[in-house]
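In full-length UniProt numbering, the protein residues as written are 1 to 591.
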């Protein structure tokens with residue numbers, strides 16, 4: 001269904017808007033572009049005031065409220081009809097919604113905030129509870145969408161998924177001692193510009209020593225993404241044997257490209273991805289196929305060079321444009337019907353909203369009228385796509401697309417193809433085609449080896465030997481991909497004074513490897529940090545017998561049980577049981 005029509009009214013109205021938010025040129029220009037469009041095309045006059053504040057300052061939002069009240073008391077600014085919140089902090093958004101309720105004006109947020117709904121003290125009101133209206137989904141939704149796609153593309157049960165983000169989304173993972181660190185499932189690394197490269201180095205180094213990374217997920221604006229791609233620390237990420245296990249969220253309005261991993265200077269594409277590195281990655285974008293071409297053109301013309309600037313979040317700009325338009329239309333329709341009214345001079349001089357901590361909310365207040373009327377807003381196309389508030393306080397229409405992209409060299413932009421997989425915010429549904437090829441994303445088991453005849457024999461073509469042949473037989477039967485990596489120090493492992501392990505045992509214990517093959521000594525100390533498989537061959541020589549409490553029937557399946565697909569190979573050691581050494585599955589030794 002196409003919704004290319006523009007919402008229009010056959011009347012002229014003057015709507016006064018107060019905006020609150022951080023200092024961002026792209027959003028300020030989006031406001032001006034939308035207001036200009038409303039004046040020139042729809043004949044609706046919009047006057048607006050922008051109040052900026054610093055989100056990092058604890059009391060900045062309270063000081064902003066005081067500034068608004070001071071302006072209104074002094075009559076230096078017009079009493080607003082709408083308070084449009086462009087902030088990115090949920091706590092501040094809830095506070096600004098309270099300001100709108102106290103001043104009795106129409107509220108609108110750029111992102112749906114996690115606030116307690118307002119109770120309506122009118123028995124016959126259509127809505128007993130009213131939320132702060134929002135033009136866009138909660139800021140956590142892209143994070144959730146990336147998580148949903150990551151679970152499909154990269155099995156989170158096999159390894160951790162690491163998120164790099166410049167946004168405060170949930171609890172941050174703190175990396176400490178590699179010995180005591182235990183992470184499972186997902187980890188969020190919060191980066192801010194300028195990137196603290198020393199901290200990033202420590203985090204990435206700890207990762208390589210501590211966790212099994214299944215995928216890297218990037219959800220950050222392009223400037224800090226470019227800063228990350230330019231850093232030497234990104235080379236640590238490239239050391240992981242991940243061919244396609246990277247997924248990014250792109251905030252560009254042009255869905256023909258996925259340029260979040262590219263740097264643009266003076267309008268010229270100069271660098272993509274990490275230097276001298278071919279990158280294959282998945283890209284998540286919002287479906288803009290049903291966006292209004294005229295609204296997008298008006299927005300681009302209004303922003304001029306700002307639109308293509310690396311620091312511009314085009315989605316933020318598009319949603320801001322639509323927030324202004326829908327809010328103004330909503331108030332204008334109420335004015336035309338005589339349901340809005342004007343604040344009188346007496347109201348402004350008293351300003352009870354600035355002095356009263358609790359102001360009753362009824363169906364006769366402008367706050368309620370605005371929110372209720374917005375739920376009847378006609379479905380239409382905007383700069384951000386379809387706008388649909390039908391029986392909802394939030395624009396519910398947003399679809400996310402999955403694409404697969406290639407960057408072959410630093411001067412070539414990404415080539416992307418649609419994977420025909422999507423996530424609907426309205427339906428909260430992930431749709432993935434049956435033929436989506438996921439086999440290429442299966443993680444390879446990292447098998448650490450130490451060449452020593454006859455257990456592991458190094459040849460011109462690779463490796464052979466008893467342990468190698470046994471392991472490959474098991475891996476082949478279970479369809480497990482793997483890669484051999486020689487232990488750098490050729491050391492099987494010993495306990496250090498601080499209780500940690502070095503060598504091959506340490507590599508497995510601290511997740512630098514998944515499986516170890518070789519002439520490993522089985523000891524009670526080693527069994528505290530890794531699991532050994534059971535022996536498949538015992539040597540001739542001294543044999544100690546011990547009684548058992550019952551018969552034990554053992555089949556060949558017993559030796560490969562630990563290699564079931566449901567297991568994650570967090571700590572497995574293989575060895576050969578000969579004169580105190582083991583090569584088998586889950587070995588144990590009689591002390």
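All C-beta atoms, glycine included, are put in the ideal place defined by N, C-alpha and C.
None of the values given here were measured: they were computed from a predicted structure.
When the Cα atoms are used, residue 112 and residue 85 turn out to be separated by approximately 10 Å. In the structure shown, the three-state DSSP call for residue 452 is strand. Cβ contact annotation for residue 126 (same chain, cutoff 7 Å, sequence separation greater than five): 372, in chain order. Taking C-beta separations shorter than 6 Å and ignoring five residues to either side along the sequence, the partners of residue 457 in its chain run 464 and 465, following chain order. For the options 60, 51 and 293, the alpha carbon positioned closest to that of residue 71 is the one of 51. DSSP places residue 187 within a strand segment (E or B) once states are collapsed to three. Inter-residue distance for residue 150 and residue 103 is about 44 Å (C-alpha atoms, whole angstroms). In the DSSP assignment, no residue is bridged to residue 115.
Of the candidates 78, 444, 226 and 285, the residue whose Cα lies closest to the Cα of residue 417 is 285. Under DSSP, the beta-bridge partners assigned to residue 17 are 48 and 82. If you ignore the 5 residues before and after residue 354, its C-beta comes within less than 6 Å of the C-beta of 69, all in its own chain and listed in chain order. By the Cβ neighbour-count rule, residue 25 is exposed, with fewer than 16 other Cβ atoms within 10 Å of its own. Here residue 228 is near residue 218, since their CB atoms are less than 9 Å apart. Under the three-state reduction of DSSP output, residue 26 falls in the helix class.
Secondary structure at residue 416: strand, using DSSP grouped into helix, strand and coil.
In this model, residue 131 and residue 359 are separated by some 16 Å (Cα to Cα). The Cβ atoms of residue 251 and residue 313 lie closer than 9 Å to each other. Contact check for residue 518 against residue 449 passes: the beta carbons are separated by less than 9 Å. Going by C-alpha positions, residue 98 is about 35 Å away from residue 248. Considering only 59, 325 and 301, the residue with the shortest C-alpha distance to residue 47 is 325.
Looking at the DSSP output, residue 399 sits in a beta bridge with 424. Note that the C-beta distance between residue 514 and residue 445 is below 9 Å. Per DSSP, residue 160 is not a residue of any alpha helix (DSSP H); the beta strand (DSSP E) it occupies stretches across 160-165.
A distance below 8 Å between beta-carbons, with the five flanking residues on each side excluded, links residue 148 to the following residues of its chain, in chain order: 423 and 430.
Between residue 166 and residue 221, the beta carbon gap of about 6 Å places them in contact (Cβ cut-off 8 Å). A straight line joining the alpha-carbon of residue 77 with that of residue 30 spans about 21 Å.
When only Cα atoms are considered, residue 245 and residue 145 end up about 16 Å apart. Taking residue 120 as the centre and dropping the five residues before and after it, the same chain places the C-beta of 127, 128, 129, 130, 361, 362, 363 and 368 closer than 8 Å to its C-beta, in chain order.
By DSSP's assignment, residue 501 forms a beta bridge with 495. In the structure shown, the three-state DSSP call for residue 285 is strand. For residue 224, the CB contacts under 8 Å within the same chain, skipping 5 residues up- and downstream, are 166, 191, 192, 193 and 195 in chain order.
Counting only the Cα atoms, residue 375 lies some 20 Å from residue 93. With a cutoff of 9 Å on beta-carbon distance, residue 485 and residue 525 are scored as not near each other.
Residue 462: not part of any alpha helix (DSSP H); member of the beta strand (DSSP E) spanning 462-464, first to last residue. Residue burial annotation: residue 214 is buried, with at least 16 other C-beta atoms found within 10 angstroms of its C-beta.
Between residue 297 and residue 318, the C-beta gap is not smaller than 9 Å, which leaves the two residues out of contact.
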